[in-house]
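Protein chains in written order, with the working numbering: chain A, 1 to 482; chain B, 483 to 663.
Data first, discussion second: the structure below is written as structure tokens.
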């Protein structure tokens, strides 16, 4: 029998008798020959006894008056009119499913629109790739909101190849023409319009068929490099269109108890799985822009800049919104957009188009930059090192937020920045990004813990995300074989 | 009419039995979430009122999981509504820290139990929650999964990391086999 690390979670399952009998027997055999495991198990067992005893000692009572109140309240309604919890639950399942499907469609639409390059020479032939199995892969990816990448010319170099192929459908194709995705999209759109129930079934089928194993085939895209502020002072702040990567990472950490495949980790999706709000931002119509800079906790020579965009409208998609960061080359040597690997080229020429197809009502978008100042001595005060411009459609106009040195000390950074940085640093370590090389999972743990301590108990989603980071830390140790 | 009365009486008995059996454990569980005895009592009272109004057949054998699910949802509702900071029992933590810093080698079983329970407060909310469900009520991973909505694998993982962290926070000799009860 293979040796099992005494820190393996299965030993806890073993002590708690939560394994099938054949696994229990196998582990029992290992235990008999491993003194270290026996010690750990004895300690766990004793700890369990202490905890049980502690809970037994707890004496909590409702009190007779409350018990009587329960009885009285229970007698009031006629048993014939009892509301069934199951039935009530069903009441919201259907609208919720429809709403989720609609949101998914909108997301897909926005994504597809983003992927269609204007004026591109459409030379690829659909017939060359009209393979039914291949269509299924593409359709599934569209339905799951992790649509395939299109090879397209980008200012920074070659486009991204499609790598996400399932084990069960081993189709290898060099690229996906945009027409092909459009065709699949239109087909699904028609299905949604005409047979919404069948569309929902398609989503459910795609979900059930999706295998986590397929994600291990995704080759990681190269991270965005540092860009010279002198040669490219301007960059467009992109808007995230999905947060599927967070769910994938969560499923691996929680469900599989493994670190996720590098290629499945998208930093911008980890960050924007959460909503952010900042009352101190500047408004342009219903759009609010907040910018914050702080020292980088893992590299003294870097500054971190968080750009938060919030759409305060209740119904209008901020489709004409454009956010542009302009660095001052006299003060900034280079900068780097964190995340968006292979998805967004920060060296976009001209910046003529909007940041994205739009920011949904009530949503926020958080983007992080790493900035390398020029000859930074930490003594430059009140100098405008960058400007962040928010341009909205007519008649709203333009808003410019100057980014003034010096950056805040990291400890004084806002909860938003601390949370977003903890998530992005975690993402960099999971992706084994060269830009996160000085970071260890211990550093990530400290950042996540610090952010968690500043997070209100009512912000459950944020707490869960930070807790997920903390809960993933032991997996780094297991994976490294220690 | 008579049959209706009999059914109502049976339903009352069902709730009374549940009350007698689960009142204390549910209060402890709700306390672990809302950290306030009065609010915990509100939560549990509301849980049993809902049980009264629930079709007994639909709760069936899953009574325990049903009670914990409803209790959990009500407690979280209260937290959301009140946007309350969870008040950590400072006194308890202080005592814990002092004891961990200078472990008393002559601690008896009762003292060790108290120390373990106080140290539990230092775990994350979800770790503490699954530990309570596992060790207080002896719920299986599957039942905990039903009550909390967590995946069963995740329940095991949280228990593992929670117990591991608890061990690391306790004095090294606390779990020495020579000190067993």
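Beta carbons: idealized from backbone N, C-alpha and C, even for Gly.
By the DSSP assignment, the alpha helix (DSSP H) with residue 9 (chain A) in it spans what residues? 9 to 15
For residue 553 (chain B), which residues of its own chain have a beta-carbon under 8 Å away from its beta-carbon, when the five flanking residues on both sides are left out? 508, 511, 512, 525, 526, 529
Chain-ordered chain B contacts of residue 431 (chain A) [CB-CB under 9 Å]: Simply none; closest approach about 22 Å.
Would you kindly report the start and end of the unbroken alpha helix (DSSP H) that includes residue 523 (chain B)? 519 to 534
Integer-rounded CB distance, given that residue 546 (chain B) should sit under 8 Å from residue 621 (chain B): 7 Å
Residue 364 (chain A) - partner residues in DSSP beta bridges: A:310
Would you say residue 643 (chain B) lies against chain A (beta-carbon separation less than 8 Å)? yes
Rounded to the nearest angstrom, what separates residue 489 (chain B) and residue 495 (chain B) at their Cα positions? 10 Å
What residues from chain B crowd round residue 257 (chain A), counting only those whose CB sits closer than 7 Å? 635, 639
Chain A residues whose Cβ lies nearer than 7 Å to that of residue 530 (chain B): 70
In this structure, how does DSSP classify residue 507 (chain B) when only helix, strand and coil are distinguished? helix
Proximity winner among A:329, A:365, A:328, relative to residue 288 (chain A) (alpha-carbon distances): A:365
Check whether the region 325 to 345 of chain A and the region 219 to 235 of chain A touch, using three or more Cβ-Cβ pairs below 8 Å as the test. yes
Segment limits, beta strand (DSSP E) that includes residue 322 (chain A): 322 to 327
Compare the Cα-Cα distances from residue 466 (chain A) to each of A:432, A:425, A:440, A:439 and report the closest residue. A:425
Should residue 561 (chain B) be flagged as near chain A, meaning a C-beta pair shorter than 8 Å? yes
With 8 Å as the limit, tell me which residues of the region 587 to 620 of chain B have their beta carbon closer than that to any beta carbon of chain A; keep them in chain order. 591, 594, 595, 596, 598, 599, 602, 606, 607, 608, 613, 614, 616, 617, 618
If you measure from the beta carbon of residue 657 (chain B) to each beta carbon in chain A, is any gap under 8 Å? yes
Since I believe residue 413 (chain A) is in contact with residue 224 (chain A) (beta carbons under 8 Å), could you give me their beta-carbon distance rounded to a whole number of angstroms? Actually they are not in contact, since the Cβ atoms of residue 224 (chain A) and residue 413 (chain A) sit about 22 Å apart, beyond 8 Å.
So, for residue 385 (chain A): in the same chain, excluding its five sequence neighbours on each side, which residues have a beta-carbon less than 6 Å away from its beta-carbon? 328, 331, 332, 403, 405
By the three-class DSSP mapping on this structure, what secondary structure does residue 234 (chain A) have? strand
Going along chain A, which residues have a C-beta under 9 Å from residue 623 (chain B)? 13, 16, 18
Closest residue to residue 321 (chain A) among A:221, A:263, A:293, A:389 (Cα-Cα distance): A:389
Closest to residue 543 (chain B) by CA distance: which of B:617, B:598, B:628, B:518 is it? B:628
Kindly confirm or deny that the region 435 to 442 of chain A and the region 452 to 461 of chain A touch, where touching means at least three C-beta pairs closer than 8 Å. no
Within the 8 Å Cβ cut-off, does residue 38 (chain A) reach chain B? no
At the 8 Å Cβ level, is residue 5 (chain A) part of the contact set with chain B, yes or no? no
Between the region 280 to 287 of chain A and the region 254 to 267 of chain A, do three or more beta carbon pairs fall short of 8 Å? no
Beta-carbon contacts of residue 101 (chain A) that lie in its chain and below 8 Å, excluding the five residues immediately before and after: 192, 196, 199, 200, 203
Taking just the CA atoms, how far does residue 299 (chain A) sit from residue 17 (chain A)? 46 Å
In whole angstroms, what is the alpha-carbon distance linking residue 483 (chain A) and residue 265 (chain A)? Absent from the structure is residue 483 (chain A), since the part of chain A shown begins at 1 and ends at 482.
Buried or exposed, going by whether 16 or more other CB atoms sit within 10 Å of the CB of residue 57 (chain A)? exposed
Suppose the cutoff is 6 Å on Cβ atoms and the five residues either side in sequence are ignored; what does the same chain contact list for residue 252 (chain A) look like? 258, 260
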